Each structure stands twice: as structure tokens, then as C-alpha cells.
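Peer 1: So the sequence lines, in the order shown, correspond to chains E and F.
Going by full-length UniProt numbering, 60 is the number at position 60 of the first sequence; the sequence numbering is gapless.
Going by full-length UniProt numbering, 43 is the number at position 43 of the second sequence; the sequence numbering is gapless.
Quick one: the structure is below, questions incoming.
Protein chains: 2
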Amino acid sequence: MKFLEEIHQESLSLDHKNLEPDDENAKRSSCPVEAALKVIGGRWKVLILRELFGGIKRFGQLHRALHGITQKMLTQQLRELERDGLVDRHVYMQVPPKVEYSLTPLGKTLEPVLNSLHDWSTKYLTRS
Amino acid sequence: MKFLEEIHQESLSLDHKNLEPDDENAKRSSCPVEAALKVIGGRWKVLILRELFGGIKRFGQLHRALHGITQKMLTQQLRELERDGLVDRHVYMQVPPKVEYSLTPLGKTLEPVLNSLHDWSTKYLTRS
DNA sequence: CAGTATCCTCATGGATACTG
DNA sequence: CAGTATCCATGAGGATACTG
Numbered sequence: 001m002k003f004l005e006e007i008h009q010e011s012l013s014l015d016h017k018n019l020e021p022d023d024e025n026a027k028r029s030s031c032p033v034e035a036a037l038k039v040i041g042g043r044w045k046v047l048i049l050r051e052l053f054g055g056i057k058r059f060g061q062l063h064r065a066l067h068g069i070t071q072k073m074l075t076q077q078l079r080e081l082e083r084d085g086l087v088d089r090h091v092y093m094q095v096p097p098k099v100e101y102s103l104t105p106l107g108k109t110l111e112p113v114l115n116s117l118h119d120w121s122t123k124y125l126t127r128s
Numbered sequence: 001m002k003f004l005e006e007i008h009q010e011s012l013s014l015d016h017k018n019l020e021p022d023d024e025n026a027k028r029s030s031c032p033v034e035a036a037l038k039v040i041g042g043r044w045k046v047l048i049l050r051e052l053f054g055g056i057k058r059f060g061q062l063h064r065a066l067h068g069i070t071q072k073m074l075t076q077q078l079r080e081l082e083r084d085g086l087v088d089r090h091v092y093m094q095v096p097p098k099v100e101y102s103l104t105p106l107g108k109t110l111e112p113v114l115n116s117l118h119d120w121s122t123k124y125l126t127r128s
């Protein structure tokens, strides 16, 4: 279980020794899981990704599919997903404008992760 | 891929019809993945869980292990984890107080999920 | 159509002090 | 030791209006 590997360099040393002064809790996520959650966290990311797993979508399609999201949030979240390399943005130079969003290869690698979350949730979080 | 199953009942109907008035985007997460992220989301949850995967821990141990967390946040996050059934809280009736936290069986079922997030992050999110 | 540009609210998260 | 109790900053998220 790789999730636990890092425990034993951080917390083991803290269990018998007392607090250490090498504490520079600056920017680096002490844990890869944290980093992953930053990328797919937030209120809309996974919902957007879910839509895109269904194929290429235009901005308006996403806007309608995600009931309640505002244009600002949709744009913003899409930009973040784009910046993180999960989503590809294709602008057609025409008028009226047409912009299509799709998953990048990297974005598609998220599938097992999202399935894992999905499975756990449906299996164990069945208290609505 | 179970993650995609629900797409085809929500977005398919929205793709050819136009917006529907049955839009009651109230409380229910439209997606189990969302629900899962609510439980393990936030800044500290996974870090706390990571510590507890290492075994039973006292409040003070957690407080020291999670550099930078405040007592308030630690208490709050632990209560939420407890309310969600992931963490068990055992109070020893003695003075000075002693409280131990541990993973419940449900909490332990999160291991594959966290491993999945961890694996993805280390494999594909290697841009520090 | 697919955005910007403002302005605004409020929950998340935090600092500090006190206590059974 | 393991908390409460306050007060406070910040920013994520949203409403609304305007535009290339």
C-alpha cells in the first residue's frame, strides 16, 4: 500500500522523538493525495470531467448540462483543468464563436481514479 | 466504467432537448464522486486519515504530526470524520484527559481509494 | 456563442485566549 | 491534555450586466 509508504518517514520519527525543528511546512504538499485533490477538488471539476468523459463538448453544452453553474465558474474551472493539462480547448475561428472542450490523454488517465471514488461512494456511502 | 453510467441518463436527455424546468438542484449530489469528495475533501482530511492509517493516535500526536493545523481545525475535521463514520473516537475518563482516534472498518475501506489517488498523482502529476 | 468585468456573499479556515 | 469560545481574514463561488 503505497499510500502508507510516506507515513513511515514522517510520523514514525515523530512518534518516539518529540517535535522536530526542521519544520518548514511551506508550499509542497506533504502528500501526493493532497496534490491530486487540488486538481480534481472543488465543486465542479469532477462534474465537468464526467461530462467530458462522454465526449467532446461545447461550452454551451457543458453550461446546460451542469445545472446551476455560472458562466464565470464554468470558464474558470475549465481554465484550471486546462492549465493542469487535463482538458483540451479548441477554438474555432469563426463567428459566432465555437469552442470545444475534450479530455487530454492525461485527463483520461483519471478514469480509474474517478471510478475508485465512485465505487467507494456507492458501496459505502449509501446513506443519503 | 461505472463512472460514466450516470452520464447517459442526465446529459443525453439534455443534449437534444433544451433546458428543462424540472431543475431542482437542491441538495443531493448528482454524482457519487461528489459525495466522496465531500467526505475526504478539504485541506486536512486526507492528512489526518493518513496518520490514522498508521495506527491509533492521540489528539496531541495528530496535532504535532500535522504541522500547521490549529486545534480548532483538528477538532472540527475529526468530528466530521467521526460523523461520517470514518473515524472512531475513544475518550478515557481520566485526568488529564486522553482521547484516542482510530479508523473504523469503514474508514479502512478508503485505502484503495487513497491509493488510487496517490498512484495517479505520483504517476502523472510529477510536475512539482 | 462564449466569454469578460464587477460586485458581492458566505463558508472555510485560522489566531488567540480560555477551561474541565 | 484535549478541547471550547471568539473573532477575523480570505477566497471560493455566485449574480448580473456587458461584448467581440
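Idealized CB from N, CA, C, for every residue including glycine.
Keep in mind it's a predicted model, so treat the numbers as computed, not measured.
1) By the criterion of Cβ-Cβ separation under 7 Å, what are the contact partners of E/S116 in chain F?
2) Along the chain, which unbroken stretches of the alpha helix (DSSP H) at least 4 residues long are found entirely within the UniProt domain "HTH hxlR-type" (31-128) of chain E?
3) Considering only the beta carbon of each residue, do F/L114 and F/L103 sit closer than 8 Å?
4) Please say whether F/I56 and F/E111 have beta carbons closer to each other than 8 Å?
5) Check whether the Cβ of E/H16 lies closer than 8 Å to any Cβ atom in chain F.
6) Is the region 78-94 of chain E touching the region 72-91 of chain F in the sense that three or more CB pairs, one from each, lie closer than 8 Å?
7) For a quick check, are the C-beta atoms of E/G107 and F/G41 less than 8 Å apart?
8) Measuring alpha carbon to alpha carbon, tell me which residue in F/K98, F/V46 and F/R79 is nearest F/Q61.
9) Let me confirm a value: F/R79 is counted as buried when at least 16 other C-beta atoms fall within 10 Å, else exposed. Which label applies?
10) Give the residues of chain E in contact with F/P32, contact being defined as C-beta atoms less than 9 Å apart.
11) If you count every other CB in all the chains shown that lies within 10 Å of the CB of residue 129 of chain F, and 16 or more means buried, which is it?
12) Anything in chain E within Cβ reach of F/G41, meaning under 9 Å, just list it in chain order.
13) Since F/R79 meets chain E, which of its residues come closer than 9 Å, beta carbon to beta carbon?
14) Using 8 Å as the limit for Cβ to Cβ distance, is E/V87 near chain F?
15) How would you list, in chain order, the residues of chain E whose beta-carbon sits under 7 Å from the beta-carbon of F/S106?
16) Can you give me the Cβ contacts of residue 140 of chain E inside the same chain, cut-off strictly under 8 Å, excluding the 5 residues immediately before and after it?
17) Report the residue from F/K123, F/T122 and F/E34 whose alpha carbon sits nearest the alpha carbon of E/K45.
18) To the nearest angstrom, how far is it from the Cα of E/R50 to the Cα of E/F3?
19) Would you kindly check if the distance between the Cβ of F/A36 and the Cβ of E/L37 is under 8 Å?
20) For E/T109, which residues in chain F fall below 7 Å Cβ to Cβ?
21) Would you mind stating whether E/Q71 and E/H63 have Cβ atoms separated by less than 8 Å?
22) Take F/V39 and list the residues in its own chain whose beta-carbon comes closer than 6 Å to its own, dropping the five residues that flank it on each side.
Peer 2: According to the data block:
1) In chain order: P112, V113 and S116.
2) Within the UniProt domain "HTH hxlR-type" (31-128) of chain E, the complete alpha helix (DSSP H) runs of at least 4 residues fall at 32-40, 45-53, 59-65, 71-83, 105-108 and 111-124.
3) No, the pair does not count as a contact, with Cβ atoms beyond the cut-off.
4) Cβ atoms of F/E111 and F/I56: not closer than 8 Å.
5) Only weak support exists for where E/H16 lies, its pLDDT of 34 falling under 50; the coordinates are left without a value.
6) Too few Cβ pairs lie closer than 8 Å, so no.
7) No; because the gap between Cβ atoms is not below 8 Å, this pair is not in contact.
8) Taking only the C-alpha atoms, the option nearest F/Q61 is F/K98.
9) Exposed.
10) Chain E residues near F/P32: L117, H118, D119, W120, S121, T122 and L125.
11) This structure cannot speak to residue 129 of chain F, because chain F is shown only from 1 to 128.
12) Result: L37, G41 and G42.
13) Think of a sphere of 9 Å around the beta carbon of F/R79: no beta carbon from chain E falls inside it, the nearest being about 17 Å out.
14) It does not: the Cβ of E/V87 has no partner Cβ on chain F nearer than 8 Å.
15) At residue 106 of chain F the sequence reads Leu, which differs from the Ser that was named. The answer, in chain order, is Y124.
16) Past the boundaries of the shown model lies residue 140 of chain E; chain E is included only from 1 to 128, so the question cannot be answered.
17) Nearest C-alpha to E/K45: F/E34.
18) Approximately 25 Å, taken between the alpha carbons.
19) E/L37 places its beta carbon 8 Å or farther from that of F/A36.
20) Those are W120 and Y124, listed as they occur along chain F.
21) Yes. Within cutoff.
22) Correct list, in chain order: D84.
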